[in-house]
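These notes concern the structure reproduced below.
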Amino acid sequence: MPLDVCNRWTHLRKILGRNGPFCQSDYEAGSEALKFVLEECKILIVGCGGLGCELLKDLALMGFMNISIIDMDTIDLSNLNRQFLFREKDIGCSKSETAAKVINERIPGVKVKPYFCKIQDLDTDFYRNFHVIVLGLDSIVARRWINGMVCSLLNYDDGILDQSSIIPLVDGGSEGFKGNARVIIPGMTACIECTLDLFPPQINYPLCTIANTPRLPEHCIEYVRVLLWNREKPFGDVAIDGDDASHIQWIYEKSAERASQFNINGVTYRLTQGVVKRIIPAVASTNAIIAAVCSTEVFKITTSCCTAMNNYMVFNDVDSIYTYTYEAERNPNCLACSRVPQELNLSLESQLQEIIDLLVNDEKYAMKSPGLTTMINGKNRTLYMQSVASIEEKTRVNLKKSLRELNLSSGQEIIVADVTRPNTSIFVLKPPSASNDPQSVSASSSSSS
Amino acid sequence: MNRLGDLISYQKSPKSPSSPANNYENEKNRKYDRQLRIWGDTGQYLIEGSSVCLINANATGTEILKNLVLAGIGSFTIIDGSKVSTEDDNNFFCDPSTSLGKSRASVSSQMLLELNPDVSGDYIEESVETLLESNPSLFKNFTTVIAANVHNEKTLIKLSEITWEYNIPLILAYSIGFVGLIRIQVREHPVIEAHPDNTLEDLRLDRPFKELKEYLESFKDFETYSRSEVAQIPFVVIIYKFLKEWQKAGGKSPNCIPTTFKEKEEIRKLIRECMAKIRNNVRKKIEADTTEIVIEGEIELDNFEEAIRSVNTVLLPSNKIPSDTLYLLNDISVEKVMEGMVENSNFWLLVRALKLFLNEKSDGCLPVRGSLPDMTADTTNYVKLQQIYQTKAKEDAETLYSCLTSVCSSLGKSMDTISEEQVKTFCRNTHFLKIIRTSPIWSEYGSNQDDKISIKTATKLRELVNCADFDGDESDDLIFYLMFRSISRFFTLYNRYPGYCDDLVESDISTLKSCFKDIINDLGCANLSKDDFIHEMSRYGGAELHSISAFISGCAAQEAVKFITKQFVPLNSILIYNSMSSRTSTYQW
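One line per chain: the protein sequences are A and B, in this order.
Read in order, the letters of the first sequence are residues 1 to 449 in the UniProt record's numbering.
Read in order, the letters of the second sequence are residues 1 to 589 in the UniProt record's numbering.
Right, dumping it as structure tokens:
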């Protein structure tokens, strides 16, 4: 039986079609907002896992007919306890393609377009297309990359932000019974890069503990994973595949062996797999909750019926149900969204390695493997680059050279590329004597732009 | 009757490193891997044995069941007498474009079953009102009963009375417009495994047991150790040593611990002084030694740093019993359990045994938990220390088990229903025991009756409402409870939502206003006029926005999981979700 369009969306019609005392002051009730949602609004969902599946269902049932979804992963058995659009028969298939097919078949009129690829495979012109981008990711690097992308799309005219160039980001995250959701208006409110300290610190066991003084079962597993695997090469010259049961089995047995040598209890197969794959525990309900908060915010932003969240909510239901919503603050010198040129306050006697260390270790930047280039006498020169093996080999010698030896002087611009952002960032070399404020590592009073 | 009688009920044998991994790596374990890491095999076992009842397969209802079916509940039963209508287009598990006019219970149960072949499902194509009349005892068969957007007051009262009588957790979930509400009812729900987030360690440094004391005192003067040895002394040993020095210097008793900032600072100062001495000695040795290759750099004393940081969190009175545990020890059920007349009798027997343990078998401290945080130390010292705590924990569990045996034998009860493994779990968690007892939902409706519970509920509720600030930007979201109550009153009278039809919104506003007034009167609250909220609720016309339903459903499903697994602490007893200001509030009465 075909469904009369007039009979659809009765719930939405009431919410959007009637004025209320708590509507955003400039909201005009009527059919315009619903029309925009149904016909014009384009949403991008990044990630089609626990959060992504929920986001897709929520938004499609709320009238968003034009949705694109990106995910580079295929479906695994362990996804099925929460990624409800997938069945056992789908194992091994693309997540985004499977989810899109299910939603397109189930909800009349919706057009979900899947992208079975990496976020880096799509360019500025692609991302520019959307009214809102929603993130359902577990990777911090991917979040930072998308954040960098939407920040790079911002247009400034005479220093004034062009509002039409803003693409709001709605970001969700979950772990066990805890989660968070946030709204980012790039250039206006705190972005991912402004608040890197909100991410939980990564657990890294010191190498000397792993090698010499293991105490926990995790230390034994890390020993096998980090040291023994490459030494013994049990399956030839291959990297560890966390999804290969024989790999996990080998690591588990060796870890158990090492643990018993040291009288350490508690190495289990489950723990081994958890440590090797860095597994984050997950349940359906937390994902549903966080995705629901994100979807509500998308609805508020796109229809303007209510004020969007300002701007960060934490959720925890280990003990009762608890949420806390607060305004995360912008970093005025944020590398991604501030437009303040970044200064490197290192003396010319410093080695190039020290710049790399600063970019990696300073939590403001927290880069992964920065590549540095510069212009000398109008020519591009690669100072150091890790990502390409042949270039790495050629430029490695530079790491031990001082900045002066590399012919770098005060005011020199160093162009930095890293996996955490889609575009390069420009840093200006300002040795302490030449800087206005020798105490600060990055400038706050620079007038150039 | 004895729903929670078997508290931890089942423990799969723990897997030793030598056991073949194939046992673990079966398909079910792989499918549920991400959640098994949260509630373990015992939690999953209980989930797989549960049967959940859902009343109303609307968007809120089906989303709750979806979350539970994915988790692998044993079975569900949907009670819904309505037909699929065009309004179900906000419901993923009910497709009006293909199933218009069919039974909503049937259509949605079929779609939900597709999610997980491990789950069985059933439906009753009748309204809850009819069932409560014709077959009320049906409800005692469920592990948990969930009602989605049930508004009729008489139905709510009846449902609440039946589930209260059988002590079956009842979860009411509501989603209207931008607002949601959850109300939990459970007469008594004990929690042994609360999984608290931030816990203080149980290290007994003020009252070390014999083996711990011997170990702690086996260390010589720190300055006599070599450079590498001294950096590997566990921080608990360091704190203990300076606690003793501090006690000696101040002429204090051996159980005395620093309580003020000043006293704690005195201990930290002693530790710092010792660090300085050690550093100095190392420096001198390096200067004096010209023949050997000098190890560069200053000695790293992470363990001493850890000791300084931990003074605050580790030096606690070990015989202080947390208030929730104390509350349980003094609960009337501990006495009543001897008469065999209480619910959750296994839990209360354990608490009674704990009381015996505290009175006769320990120096006033709860059983040793047996856990040791990671710390800078060499393997030998760490493992040794860990074994000392673990051995003592095992002994304490055995002692508690013998207490339990004597409690049971004086009661003429057999011990069969409580395993040693359960006693161990109980002992690991005696610091975190919780009991949830909500007020009954029917008591919110009975302020005119003179039964004690209703009067108590009404008093508390009245107090909350009268003290709340309902004005300004930070207006108390408790107002939405009153709004939901008013909508229920409206629904009970007219069998529809206020504002349901476009042309009746205005007149419904004034009707809802009088319902609100009645509710305020019934509760005996001071006069309150909240026209803007009444207008807002009327304009929703009962609309269910899918994302609001999904939020409420996620929370409701999570609470059901807590009841089923007997792990984590449930909500007591009301949650209000205001998505306009992106916040939640909880209340208890």
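Idealized CB from N, CA, C, for every residue including glycine.
Because the structure is a prediction, the values reported are computed rather than measured.
- Rounded to whole angstroms, the separation of the alpha carbons of B/Asn429 and B/Ile239 is 25 Å.
- Of all residues in the region 247-260 of chain A, the ones placed with a Cβ closer than 9 Å to any Cβ belonging to chain B are Ile248, Gln249, Tyr252, Glu253, Ser255, Ala256, Glu257, Ala259, Ser260, in chain order.
- At a C-beta separation below 8 Å, A/Pro214 has these neighbours in chain B: Thr379.
- When DSSP states are grouped into helix, strand and coil, B/Cys256 belongs to the coil group.
- Not flagged as an interface residue toward chain B: A/Trp145, since no C-beta distance is shorter than 8 Å.
- The beta-carbon of B/Met483 is placed no less than 8 Å from the nearest beta-carbon of chain A.
- In this structure, the CA atom of B/Arg279 is about 7 Å from the CA atom of B/Ile299.
- The beta carbon of B/Phe235 sits no closer than 8 Å to any beta carbon of chain A.
- Cβ neighbours of B/Asp450 within its own chain (closer than 8 Å, five residues either side excluded): none.
- Closest in C-alpha terms to A/His11, from the list B/Asn572, B/Arg539, B/Asp522, comes B/Arg539.
- With respect to the C-alpha of A/Thr302, the residue from A/Asn66, A/Glu327, A/Cys48 having the closest C-alpha is A/Asn66.
- DSSP, reduced to helix, strand and coil, places A/Asp319 within a strand of the structure shown.
- Its chain contains Leu478, Tyr587, Trp589 as the residues whose beta carbon lies nearer than 8 Å to that of B/Leu464, once the 5 sequence neighbours on both sides are disregarded; these appear in chain order.
- A/Ser409 sits exposed, since fewer than 16 C-beta atoms from the chains shown fall within 10 Å of its C-beta.
- Residue contact check for A/Ser285 against chain B: a CB pair falls below 8 Å.
- DSSP places B/Met537 outside any beta strand (DSSP E); the residue lies instead in the alpha helix (DSSP H), whose first and last residues are 531-540.
- Approximately 7 Å separates the beta-carbon atoms of B/Phe568 and A/Phe177; this is inside 8 Å, confirming the contact.
- Of A/Cys294, A/Trp250, A/Trp229, A/Ile192, the smallest CA-CA separation from A/Arg330 is found for A/Ile192.
- A straight-line Cα-Cα distance of about 44 Å links A/Ala366 and B/Glu217.
- At least one CB of chain B lies nearer than 8 Å to the CB of A/Trp9.
- Pairwise C-beta distances place the region 203-210 of chain B out of contact with the region 168-175 of chain B, as fewer than three of them are shorter than 8 Å.
- Between the alpha carbons of B/Asp476 and B/Asp531 lies a distance of about 15 Å.
- By the neighbour-count criterion, in which 16 or more other beta carbons inside 10 Å mark a residue as buried, A/Asn7 falls on the exposed side.
- Proximity of chain B to A/Leu80 at the Cβ level (cut-off 7 Å) is accounted for by Lys31, in chain order.
- Secondary structure at A/Lys35: helix, using DSSP grouped into helix, strand and coil.
- Taking C-alpha positions only, B/Gly554 is separated from A/Met72 by approximately 27 Å.
- In the three-state reduction of the DSSP assignment, A/Leu372 falls in the strand class.
- Beta-bridge partners of A/Thr325 (DSSP): A/Met313.
- Using a CB distance cut-off of 8 Å, B/Arg272 does not count as an interface residue toward chain A.
- Cβ atoms of B/Ser99 and B/Glu125 stay farther apart than 8 Å, at about 14 Å.
- The beta carbons of B/Ile519 and B/Arg485 sit closer together than 8 Å.
- Here A/Pro168 is buried. Its C-beta has 16 or more other C-beta atoms within 10 Å.
- Selection B/Ile79, B/Asp473, B/Asn344, B/Val311 evaluated against B/Thr260 yields B/Val311 as nearest (Cα-Cα).
- At a Cβ-Cβ threshold of 8 Å, B/Glu544 and B/Ala57 do not count as neighbours.
- By the rule that beta-carbons nearer than 8 Å mark a contact, B/Ala307 does not touch chain A.
- Classified as exposed, A/Met375 has fewer than 16 neighbouring CB atoms from the shown chains inside 10 Å of its CB.
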